[in-house]
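Residue numbers (the numbering used here): 548 to 1598.
Cβ coordinates follow ideal geometry from the N, Cα and C atoms, glycine included.
These notes concern the structure reproduced below.
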Amino acid sequence: MHKMTTFGLLTVIIFLIQCLKMTLCEAQCPTGCICISQNNAIPTSYCDGQGYRNVPQNINPKTEILSLTQNNFYQLKKKDFRNLQKLTRLSLKMNGIQRIADDAFLHLNKLKYLNLGKNNLKSISIKVFEHLPSLEELYLNDNQLEGLPSELYNVLPNLRKLHLQNNNLKDNKFIANLKKLEYLDLSKNKLKEIRARMFQNSPNLRSVRLEENQIEAIETDSFKTLSQLTEVLLNDNEIYTLDKKLFANKSQLKKVTLHGNPLRCDCNLHWIYNVLMSAPKMFDHKEEMRCHSPSTLVGKPIVELYEDSFGCELSVWGTWEQWSTCNKPCGGGQRMRKRDCLSSSSSGDDGGNCKGDGMEREKCNAKECNVKGLFTTWSTWSNCPPGVYAERLRTRKCFNPFSDLSVKVTCRGKVVEKELCYGKPVHGGWSQWSDWSDCSQLCKLGTATRTRTCTNPMPQFNGKLCDGLTIEKQTKVCLAALCPPKTEWGEWSEFSKCTASCGEGLQTRRRQCLNEFNQPIEIQKICPGKDTQSKKCVRSKCIINGAWSPWLQWSACDSMSCKRSRIRTCVRHDKRNIENSHCEGESVQQEYCPRSQCSINSIWSPWSQWSDCSKKCGGGVRIRSRPCPGEKSHPSVTCGDQRSESEPCNVHSCDTQVWSEWSEWSKCPNPTTNKQVRKRVCLGAGSNRCSGRSKERRQCLREKVVVDDGKVVKTKENECQPREQIENGRVENIPTENGLFVKYKCDAFYRLKGNDGSDNATCIKGKGWNRNYIPYCIPTCGKPVHKSYSHWYSRARLHGGEITIPHSWPWQVLLEVKTKDIGWKLSCGGSLINDRWVVTAGHCLFDKPPELRQFKPEEIKVYLGVHNVIDRQRSKHVQMSYAKLVVPNLKFDHALLDNDIGLIELATPAKLNDRILPVCLPSRRQRKLVAVGNVGTVVGWGVTRSQRASEELKELRLPVMDYNECVKAYDKSYNLTKSMFCAGKNTSEDTCKGDSGGGYLFRDARKKKWTLQGVVSWGGPQCGKAEKPSVYTKVSLFTAWIRAVIRDRKV
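Next up, the structure:
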């Protein structure tokens, strides 16, 4: 116990040190941000959704990862990042950014990741990127870009990933010569063609996404140099034919999409049919690849055609169409024209098989530009000072209407307008939230609060308060530290004998400091007070002796021993000290009864103990005997010859080992130990050792001593009073001839828990109980009993995700939360660990940014016994409970997802049945199951390959991955900590969105129980990527914390 206490104290000290470190870090942390700067973590600042209009200037200069998502930066200036020269990752998405200064990133030469997605950028100067030579990943998606500088390859030599989806791009010249580019996303733009020179200098490209453009033609050699190409997405364009040489010599190509295009199913497209037949997995959504022509095949899926369906008839070119409008009014542009290929049996609608190009281009408008600029729309009027007449203004800008012409323009007219105004009332606005207060409890669960005031701005000139309030307060559950072990004094021992045989002396007694499990603690100082107590005692005067009273009548004859007895009392002349009398002689007399009152059997004495066996193994003999004292007291009685008897012993073979008989219980040595011991030995010379314990202990049965008006009175403890009923079980009190016999039994799906696992206790009148403790019932864990489980365990297991057999995972729960933006939604999974508590991921207990807030108990619904989520509210087998308490781990870090684990206490305890049972927490031995290569099972309702959440519960078997390999897989782009481990394999099978909080389970073959070893935490940006395994929280590191929280709630 002393070791356990020391570990608890060390835990508190380490926790305080970590808190001190975090406090020091917050000295350079902007208001509202979450900043991490510990020894083992990458310095990170998480400032999302704080409403900043400018980049905060008090960010720690050592920061390497900075997230400023969802603020209000309309422009980036030179000074914004001048002190953050160690930045490697920077996120600026969803800020409404319209302009970036040329030298905004002047000092960020170590930056590898830059996210400018979901802003309002229309153009970016090449000078913005000149100071980012180390940049590897760039996000410009969801802006209004119409083009990028063609010299991009000169300033970004190390760029590997480029995200440009959902813009207004019409050309792709800027991609040329990006030699290290591996990933390119140009989906949802306005591209019309793919030229051969587009990718010729990017040999490392693996993934090209061009879906949802306006592409009509792809030149045959467009992908010629891309030997490492693995996927090409071309769906939902205007492509009608493809040359079979386009994908020639692409041995690594695994995925192509062409659905949603007006395909012409003639002999030129016959090669696609052959690929579909020989390698059907290459084309994704192949059932949606349909013919657009000829008319006989319109609307038919290619996979349903026959070999001879792809014919070609003699075709000729039609006349050229008119030239299109030049794409530039000046400075050198391009125009194009088309012609149709007509078959001999069609009117032109079906297309044909003509040699040559159906499209022609030429240069146009080569004259030098002389362009007049255009004004933007007026900005909104500036704020008018409240309560007075003043001047306000609005502005507009002169811009080049042709964004691809690098020409200076001029505009005629004002760029600034002014007018008089009278200020309106100023309505109040909320300030930033204050820091959380200290936890209300030094240890165990408490509450922390924070406030914000209506001062940003303060209401003036009859302005309104914030939601009618001047101050708002929030409260959350907190755990400042684990409490030291709870202790209390045990009962006092009996007072020792008086130190004086007569006259005045001293008596002492002792007590022990006990922990919550009623075990002695060596460190006595933990219990307040003393462990020893003394008092004076007065014996009789030494010169006074007592005198015997007359003998009482003889007792009735004992039928077993054939004896009777009588007693007398020693009486002192000093009546006040009767108990301390002393008389010479015996106080009890015994004699044999008259012969007529004795049975023949009563003349025998009891049998002696059996002698030791003559052999340790191989068959021996042991002997016992009994004397016959009745012959002496009753000469007329003869006892006979049965004075001894023998029996065989140790008959086991000498090649095996077996236990000897138990020894007698030892005597209770003294009041401090309070234990009896008995032993046995392993006999035999075999190689198989005996199983089980060689020593047993039990509590001594003692008389209870109390003090009544200064006198010592001995009473028997628990004079056989019936025991009370136990929770989730029942107690049967059975009266016996000399006391009471008690039988304990638990309800279905519960088991008995106690010191020795015994299910009964006996009370003997005058002696007390043989067991002073009362057992209790706990849920049986990790053992599914539903009839479906036997089918699960016997069927062939697949190494991929599949629908579970209903109720084969009875501890899996489903969480539904009430978010601030969309209301109730299904979010995460979890695992039932007893009838009142659920383990889930820590991040599942918080609403998503920008307002990172912990869900209230009434905002979480927990469903138990669910298989199909659609039936969660209508199935009679499903139980639903709101949360009673929400407890994320104290060290949970939302930015890094470190210590990503939390607990939910159910408002309504679960009613256990064959569909709802808890899973076991891992023991010290079971932690070893999470070894590299061992295969565990993960279950959940997460997103499937169709990018939709599964309606039915799915299961997937994944092997544990080496930690260092996992760190290497994420290439330091994500920070893995020691509270995490990885699982996965080189396939597309993986956990995904919606699986968070679910369990990663291992079966202990020895105990035949399932144990919860991991909680689904996070994974790579895209589910199912073999190189990015799933990451789990290691449950074995948190079992002590889980038990401490549950124990604290019970108290």
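Inter-segment contact for the stretch 664–677 and the stretch 630–640 is present: three or more beta-carbon pairs are separated by less than 8 Å. Segment contact: the stretch 1384–1399 against the stretch 1469–1489, fewer than three CB-CB distances shorter than 8 Å; contact not assigned.
Boundaries of the beta strand (DSSP E) around THR1580: 1577–1581. DSSP lists LEU1061 as the bridge partner or partners of PRO1067. Taking 8 Å as the cut-off, the beta carbon of GLY1286 is found closer than this to the beta carbon of CYS1310.
Its chain contains GLN622 as the residues whose beta carbon lies nearer than 6 Å to that of ARG646, once the 5 sequence neighbours on both sides are disregarded; these appear in chain order.
Take the alpha-carbon of LEU1299 and the one of GLN1137: they are about 48 Å apart. Between PRO1004 and GLN1021, the alpha-carbon positions lie close to 21 Å from each other. Boundaries cannot be given for TRP1154, as no beta strand (DSSP E) includes it and DSSP labels it neither H nor E. Going by C-alpha positions, TRP1356 is about 7 Å away from PRO1331.
For CYS814, the number of other beta carbons within 10 angstroms of its own is below 16, and it is reported as exposed. Each residue's CA atom was taken as its position, placing TYR599 and LEU615 some 9 Å apart. The three-state reading of DSSP puts HIS1414 in coil, since its state is none of H, G, I, E or B.
Bridge pairing for LYS665: absent [DSSP]. For LYS626, the closest of ASN619, ALA648, GLN617 and ILE612 by C-alpha to C-alpha distance is ALA648.
Each of GLY1329, ILE1352 and ALA1591 was checked against the Cα of LYS1555, and the nearest Cα belongs to GLY1329.
Annotation note: the stretch 586–664 contains the following uninterrupted beta strand (DSSP E) runs of length 3 or greater, listed N- to C-terminal: 591–593, 612–614, 636–638 and 660–662. Following the DSSP letters along the chain, one finds THR1034 inside the beta strand (DSSP E) bounded by residues 1034–1036. PRO1404 carries a helical assignment under DSSP once its states are collapsed to helix, strand and coil. The count of Cβ pairs closer than 8 Å, one atom from the stretch 710–725 and one from the stretch 739–754, reaches three, so the stretches are in contact.
For TYR1510, the enclosing alpha helix (DSSP H) covers residues 1510–1516. Taking a 10 Å sphere around the C-beta of GLN1560, we find 16 or more other C-beta atoms and assign the residue as buried. Selection GLU677, HIS678 and ARG707 evaluated against TYR686 yields ARG707 as nearest (Cα-Cα). Non-local beta-carbon contacts of ILE1073 in its own chain, meaning distances under 7 Å to residues more than five positions away in sequence, involve THR1034 and CYS1060 in chain order. Relative to the Cα of ARG1225, the nearest Cα in the group LYS1214, SER1210 and GLY1239 belongs to SER1210. In the DSSP assignment, LEU1373 falls within the beta strand (DSSP E) that extends over 1370–1379. Taken in chain order, the whole beta strand (DSSP E) runs of length 3 or more contained in the stretch 799–839 are 802–804.
Ranking GLY1050, TRP1036 and TYR1323 by CA distance to the CA of ASN1062 puts TRP1036 first. Cβ contact annotation for VAL755 (same chain, cutoff 6 Å, sequence separation greater than five): LEU731 and VAL779, in chain order. Beyond the five residues adjoining it in sequence on each side, SER1172 comes within less than 7 Å, by CB distance, of SER1155, ARG1190 and SER1191 in the same chain, given in chain order. Per DSSP, THR772 lies in no beta strand (DSSP E) segment and is marked neither H nor E. DSSP, read as helix, strand or coil, puts GLY579 in coil. Taking GLU677 as the centre and dropping the five residues before and after it, the same chain places the C-beta of VAL702 closer than 6 Å to its C-beta, in chain order.
According to DSSP, residue pairing for GLN1359 in a beta bridge involves SER1378. Under a 10 Å Cβ-count criterion, LEU921 is classified as exposed, with fewer than 16 other Cβ atoms of the shown protein chains found around its own Cβ. In the displayed model, TRP1206 falls within a strand according to three-state DSSP.
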